[in-house]
């Protein structure tokens, strides 16, 4: 493998000294970029784009051509695993993802296809290895998956949900079935992420988009426990280098102490959490990623810069911070505002790393 | 005024001893009840129902005929104030509330109608006094309003929003305009709630439904500060009795310590907060209201009962807890499950109040 030219992101995740705070953006490849929309049009549907290794590579690299990001992230969907399990993922324009089948009974669970990520999600692995080759060591490549709980919400509800009535009824009334489904998903996710590492991913992020819909006790029982199971089954390193894992639970700010103990090297923060307090709460256990309000990118470049300054000062001196938004970038953001955002992190962060 | 026969709710809000934990449910009058749907049909639109004092009284009392709730809450909408300010509230079937006009500039702000709640929201005051009379002292009546920030989100966005792009752009780029709007709203809300107290409300709740969309610093600056302003302008008592105020910020669990200092007597918790930890964090400063996951009402009566038990034990011994859901009851809940819920609180809570 080509040597990594910029390892700032990996070093910060391991709380090793860096010259400045690394930055990338969740959903950095996507609808706010005209070149993405052009490629998407060429590909056909969103799923066609995910399944085409060359085009998935192209949209992964597009933001890196515009902005000096410190990491690339695989372009894919969080629902590839349930799709491979046989549920039939599809998208209707203007709506969220949907599944043709749902999992609501023991029979539904038994009817899921047994999968091996290398074979059944080979298109993802082709995209990973293509991107890794094309990156040519410029920056590390992040692989990712949805968390078991988050995947389960879509599988049980059949799509997005406001109140998660179906899955919560299952969790509350049929906990054994719920745990069987989550165990199956945790093992599938571990296999999927392991295959991504073997294909070339150098760091991993688990997106727990809907863990925050649970009660404190429910989060521990139905979401965090299964992310721990995933992490415990991942390869610790690849090419002789540690593969750090980032766990991001949107709405998980109240539970940082327990999340910090789940085995991940880093915890993603959404924008509702004060990063200064978060660092005090997690101490030396994990790095932190985040956490500017994505809507701040609608504000003026000067206002964006002052917010970056506030967040950098909030985290304070030393390594262990990866700058990011507190959630995916919002479609409709002016790409020039992203320039202001990335420039601000580049220019304002070195002072927090002098003498390390 | 008739003497209050059941003051358990008011006493718990003031952390005075009670025989058992009082209970009511946010949105207890509403779509999960067939008798509500029948009255709603008779009224015409949702707004027609809010504006008809007799029918608003009828739906307010409906849940009390089924369940031994310890409080009634005025049936109304949170957007009556912006409607009176001239924005033209309307509802489209299956969608959220909408406004015909929005407030996005100094000129829009200057164009708002000056209002006096007694005159311009007289229909609300008629509903309050009608309900208070019909309650005949059975239980206290809760008046309510949306928080200034929550009202502003609808006024600036023109309706519901996923990412609050418009109002956040205003907050970040035009803070002076944002603060002028919030000041105007805080004073209107204070006048509105004061008028409700004069009309007969015996406790008040401020619904800060969208405060949780802000960053920690943004919450303090744009939401909490203005709820403090509202509370500081409210009458401390009516008929010689204190009028307690409950502040409920959905998604505000990370900020409990500061919310507890806003001047309210009680803080509402959504279901993501561990009530045991919450009590330790707020200490003796405020009572707590909440916080069962509304989706728990989809589970079996036995499961509901065990959850009530867990929450009661979490709060622990002594007064200062008002049982409630962590958000409004979900339409589609089986009314018999509400019976199980209310019965469980009634039957299981006295043990936490013996010897007080």
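Chains as they are written, first to last, in the numbering used here: chain A, 18 to 373; chain B, 18 to 373. Beta carbons are placed, not taken as given, at the ideal position from N, Cα and C, and that holds for glycine.
- Take the alpha-carbon of residue 30 of chain B and the one of residue 280 of chain B: they are about 13 angstroms apart.
- With fewer than 16 other Cβ atoms inside 10 Å of its own Cβ, residue 117 of chain B counts as exposed.
- Straight through space, the alpha carbons of residue 74 of chain B and residue 329 of chain B are spaced by roughly 31 angstroms.
- The region 328 to 343 of chain B makes no contact with the region 201 to 220 of chain A; the number of CB pairs closer than 8 angstroms stays below 3.
- By DSSP's assignment, residue 372 of chain B forms no beta bridge with any residue.
- Think of a sphere of 7 angstroms around the beta carbon of residue 189 of chain A: the chain B residues whose beta carbon falls inside it are 313, 316, 320, in chain order.
- Here DSSP, grouped into helix, strand and coil, assigns residue 308 of chain B to strand.
- Assignment of residue 132 of chain A by DSSP, reduced to helix, strand and coil, places it in the coil class.
- Residue pairing for residue 225 of chain B: DSSP places it in a beta bridge opposite B/266.
- Residue 163 of chain B: member of the beta strand (DSSP E) spanning 158 to 163, first to last residue.
- Within the region 250 to 275 of chain B, 268, 270, 271 place their CB atoms closer than 8 angstroms to a CB of chain A, listed in sequence order.
- Residue 339 of chain B sits in a strand when the DSSP states are folded into three classes.
- Separation of residue 46 of chain A and residue 226 of chain A (C-alpha to C-alpha, rounded to the nearest whole angstrom) is 18 angstroms.
- Annotation for residue 116 of chain B: the continuous beta strand (DSSP E) segment containing it runs 114 to 116.
- Taking the CA atoms as reference points, residue 289 of chain A sits about 21 angstroms from residue 317 of chain A.
- Here the C-alpha atom of residue 264 of chain A lies approximately 39 angstroms from the C-alpha atom of residue 369 of chain B.
- Here the region 33 to 52 of chain B makes no contact with the region 354 to 362 of chain A; the two share fewer than three CB pairs at distances below 8 angstroms.
- For a cut-off of 8 angstroms, the C-beta gap from residue 165 of chain B to residue 203 of chain B is around 5 angstroms, short enough to register as a contact.
- Legend: CB atoms of the region 228 to 240 of chain A lying less than 9 angstroms from CB atoms of chain B belong to residues 229, 230, 231, 232, 233, 234, 235, 236.
- CA-CA distance, residue 365 of chain B to residue 339 of chain B, rounds to 14 angstroms.
- Assignment of residue 104 of chain B by DSSP, reduced to helix, strand and coil, places it in the helix class.
- Within chain A, the residues 312 have their CB atoms less than 8 angstroms from the CB of residue 181 of chain B, given in chain order.
- Proximity of residue 100 of chain B to chain A, defined by a Cβ-Cβ separation below 8 angstroms, is not satisfied.
- Against chain A, a Cβ distance below 7 angstroms from residue 291 of chain B picks out 233.
- Taking the beta carbon of residue 347 of chain B as reference, the chain A residues within 7 angstroms of it are 180, 182, listed in sequence order.
- Excluding the 5 residues flanking it on each side, residue 198 of chain A has same chain C-beta neighbours closer than 7 angstroms at 120, 126, 169, in chain order.
- Listed by position along chain B, the residues whose Cβ is nearer than 7 angstroms to that of residue 288 of chain A are 232.
- Following the DSSP letters along the chain, one finds residue 193 of chain A inside the alpha helix (DSSP H) bounded by residues 192 to 216.
- Scanning its chain for C-beta atoms nearer than 7 angstroms, with the 5 sequence neighbours on each side dropped, one finds around residue 229 of chain B the residues 266, 267, 268, 269, in chain order.
- One Cα belongs to residue 114 of chain B, the other to residue 224 of chain B, and the distance between them is close to 16 angstroms.
- Chain-ordered, the chain B residues with CB closer than 8 angstroms to the CB of residue 186 of chain A read 312, 315, 316.
- By the neighbour-count definition (other C-beta atoms within 10 Å, threshold 16), residue 157 of chain B is a buried residue.
- The alpha-carbon separation between residue 196 of chain A and residue 183 of chain B amounts to approximately 41 angstroms.
- Its Cα nearest to that of residue 302 of chain B, the residue B/283 stands out among B/310, B/314, B/309, B/283.
- In the three-state DSSP reduction, residue 254 of chain A falls in the strand class (E or B).
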